[in-house]
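Some notes on the structure that comes next.
In the numbering used here, the protein residues as written are 102 to 400.
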């Protein structure tokens with residue numbers, strides 16, 4: 102059996118963390134935008150032994166969840182995906198092959214861990230006929246992110262699609278979101294380096310500053326929702342939190358000097374800008390995608 106699902110990439114502009122002992126209730130408030138680019142998960146069920154075990158030389162490693170996970174063709178350990186499989190796999194004696202095709206890089210602020218978990222959750226649920234709703238499957242993906250400290254709010258945005266304001270923390274159906282109407286305009290980016298999400302979340306002083314500024318930005322955006330205001334607030338948040346690296350600062354300033362709007366993807370050493378991003382070319386390879394107005398779905 103094979104099932105396929107897609108979850109959009111999600112760029113967070115600003116956020117404030119809301120911890121809770123229950124991962125379903127934990128999360129963040131803030132705002133981010135989804136892209137047409139994202140992660141497609143193709144989940145195939147195979148009979149026991151077909152893809153080998155770690156004890157057989159020359160065969161792929163199988164995770165504790167009983168799955169072979171590949172990202173763009175390369176075998177990978179992805180804790181969020183393993184968590185989803187362990188939570189949802191109904192046929193315990195079966196083995197799964199999870200092939201993830203990502204249009205954006207992992208570790209640069211595009212919510213790939215969340216998108217991979219969400220797309221896998223929807224595909225596994227469909228493949229094994231768990232009887233869960235899409236929202237219930239998305240709750241598992243959200244919990245996978247929180248437990249593994251790879252994100253706090255990406256799944257809520259990815260499940261919704263578009264420009265999403267997270268007004269109350271928690272998994273889809275538990276937290277609250279407001280979807281802001283936007284056109285599917287082009288977003289460009291340049292990746293300068295990786296940032297460990299958990300290292301920021303575990304830094305008490307940094308998170309204290311982030312939470313204060315994130316709440317302020319959220320309040321301001323709710324008074325005047327819109328894409329350009331989101332970009333402006335995100336830019337101020339990035340600089341005021343001190344998360345901006347010299348390279349990111351230079352790239353943002355280059356876009357602004359050309360009359361554009363840019364900010365930093367949270368949490369990645371990545372600059373994203375509205376429009377074609379020609380001002381970003383001097384900083385490295387430029388990627389682009391249109392804003393994706395549709396949330397995660399089965400294919």
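We put the CB at the ideal spot given by N, CA and C, even for glycine. The structure presented is a predicted model; accordingly, all values stated were derived computationally and were not measured.
- Per the Cβ contact rule, the stretch 118 to 125 is not in contact with the stretch 136 to 145 (fewer than 3 Cβ pairs under 8 Å).
- Under the 10 Å beta carbon count, residue 276 is surrounded by 16 or more other beta carbons and is classified as buried.
- In the pairwise beta carbon analysis, the stretch 369 to 377 is classified as not touching the stretch 235 to 251: fewer than three pairs are separated by under 8 Å.
- Here DSSP, grouped into helix, strand and coil, assigns residue 364 to strand.
- Judged by their CB atoms, residue 269 and residue 244 are not nearer to each other than the 8 Å cut-off.
- Judged by DSSP in its simplified three-state form, residue 295 adopts coil rather than helix or strand.
- The Cβ atoms of residue 232 and residue 396 do not sit closer than 8 Å to each other.
- Where residue 320 is concerned, there is no enclosing beta strand (DSSP E), although the alpha helix (DSSP H) around it starts and stops at 305 to 324.
- Around the Cβ of residue 313, a 10 Å sphere holds fewer than 16 other Cβ atoms; the residue is exposed.
- When DSSP reads this structure, residue 176 sits in a beta bridge with 171.
- Taking C-alpha positions only, residue 394 is separated from residue 337 by approximately 25 Å.
- Residue burial annotation: residue 358 is exposed, with fewer than 16 other C-beta atoms found within 10 angstroms of its C-beta.
- A direct Cα-Cα distance of roughly 6 Å separates residue 203 from residue 173.
- For residue 347, the three-state secondary structure derived from DSSP is helix.
- Taking 8 Å as the upper bound for CB-CB distance, residue 220 and residue 104 are not in contact here, some 10 Å apart.
- Closest in C-alpha terms to residue 309, from the list 184, 341 and 188, comes 341.
- Here residue 117 carries a strand assignment [DSSP, helix/strand/coil].
- Across the structure, residue 175 and residue 199 are spaced so that their CA atoms are roughly 11 Å apart.
- By the neighbour-count criterion, in which a residue is buried when 16 or more other Cβ atoms sit within 10 angstroms of its Cβ, residue 181 is buried.
- Residue 146 is bridged by DSSP to 197.
- If you draw a straight line from the Cα of residue 143 to the Cα of residue 201, it is about 6 Å long.
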